[in-house]
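Heads up: the structure comes next, in structure tokens.
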Amino acid sequence: MKPEQRKKIISAMWITLVSIIGITFVFLFLIYNGVIGYMPDIEELKNPKDRFASIVYSADGQELGRFFIGTGNRVYADYDDISQHMIDALIATEDARFEDHSGIDVIALCRVALKTLILQQKNAGGGSTLTQQLAKQLYSPQSDGIWERALQKPIEWMIAVKLERFYSKEEILKMYLNQFDFLYNAVGIKSAAYVYFGKDPKDLSIEEAATLVGMVKNPSYYNPVRKPERTRDRRNTVLDLMYQNDMLTKAELDSLTKLPLTLEFHKVDHKEGLAPYFREELRRMLRAKHPEKSNYHGWERQKFIDDSIAWETNPLYGWIEKNPKADGTRYDIYTDGLKIYTTIDSRMQRYAEEAVVEHLGKTLQPSFFREKRNV
């Protein structure tokens, strides 16, 4: 090949490379500024709309139950309320360079591209940072067409960059762990720690934290209740990644990987917990509307009178209607994370419920059945 031809080829390659970089930069710039695709506005990025369950507490400070809709059993946990083991396990497993990037891990993306495109490896891993995963949880709309699906990943990149501008690393980790759905109505780390281990998130041990982080890859596949052995293997993988990132010693790794998978599973449901009938009446009273006679049947005249008196004299009755937010909107007991304190003593309530079960279930109900069989 002649020197002139070689020079032209090299020049053309450089022009192509610079053009690709320039086009990519312009493309990402347009996405960043919302010209192409979906980009939440600044106010929404600064104040993401989180949905938290409301908690009902007893007079002695115990949780009686929660109000939430569907899979909305999310209770807020601050960064200081989360075990450091959970933070370490999450970073080691999902984003080892979390402290070093600004939303996009270029090294990880290059590694994935090399393994996937050149080496044709199917297990190349993912290049998504924790910030990108948070962006997907918070803001990514449903992608329907080919064009929308193609845009989804670049949009997540740009949202991640903006999130890194507005939030510290600790805040991003806290938001991520408050958002993730761990199955069984365990949305967020506080609910997950209770559902699977009966603990607060700050009390999670290393192996428990590794179990929950192992679920992040695929909660249904690594389900500790239904697939304990598979989940234990995944937990040990997380522990090994913590060792590789100098978060565990070799002795700790060897000891922890030998432990069985131990759960203290707690089913969470509206019907679970103490005083379910009381909580239902509490919910009804909080959400009550101003009584209008036209909304009552003729035979409900006395109920209309009682409700009207309650509206005027009982601050709890219709509390949501009577106490709007600063912006004029109404509170939602299912999503606004209210803390509701009652005069119920959890110890006395438990004794009362146990007495009812003992007396009704073991004495009166069997007697009733015997009597009816002889009729």
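Those letters in the sequence shown? Residues 0 to 374, by numbering that gives the first Met the number 0.
Even for Gly, the Cβ is constructed at its ideal location relative to N, Cα and C.
None of these values were measured; they are calculated from a predicted model.
query	result
Three-state class that DSSP yields for GLU271 in the structure shown	coil
Through-space distance from ASP326 to ILE188, alpha-carbon basis	30 Å
Beta-bridge partners of SER53, as assigned by DSSP	PHE66
Bridge partners - ILE339, DSSP secondary structure assignment	VAL55
Expected contact under 8 Å - CB spacing of ALA287 and ILE343 to nearest Å	Wrong, their Cβ atoms sit about 20 Å apart, outside the cutoff.
Collapsed DSSP secondary structure at ASP180 in the structure displayed	strand
C-alpha gap between PHE97 and THR128, whole angstroms	7 Å
Closest Cα partner of GLU79 within the set ASP199, GLU353, LEU133 and ILE308	Per the sequence shown, the amino acid found at residue 79 is Asp instead of Glu. Nearest of ASP199, GLU353, LEU133 and ILE308 to ASP79, Cα basis: ASP199.
Residues bridged to ARG233 (per DSSP)	Partner(s): none; ARG233 has no beta bridge.
Chain-order list of residues whose beta-carbon lies under 6 Å from that of GLU263 (same chain, five-residue window excluded)	PHE196 and GLY197
Check whether THR15 and VAL212 have beta carbons under 8 Å apart	no
Assigned secondary structure, ARG73 (DSSP; H/G/I helix, E/B strand, else coil)	strand
For ILE54, the nearest candidate out of VAL105, VAL355, GLN348 and THR341 (CA to CA)	THR341
Endpoints, the alpha helix (DSSP H) within which GLU98 is located	Per DSSP, GLU98 belongs to no alpha helix (DSSP H) and is neither H nor E.
Candidates HIS84, ALA107 and MET85: closest to ASP94 by CA position	ALA107
Cβ contact check for the stretch 215-222 and the stretch 284-298: 3 or more pairs under 8 Å	no
Residues near MET194 in its chain [Cβ-Cβ closer than 6 Å; skip 5 each side]	Strictly speaking, residue 194 in this sequence is Val, with Met absent from that position. Excluding residues within five positions, the ones whose Cβ falls inside 6 Å are TYR183, ALA185, HIS265 and VAL267.
Counted within 10 angstroms of its Cβ, other Cβ atoms place VAL356 as buried (16 or more) or exposed	exposed
For LEU203 and SER82, believed in contact at Cβ under 8 Å, the rounded distance	4 Å
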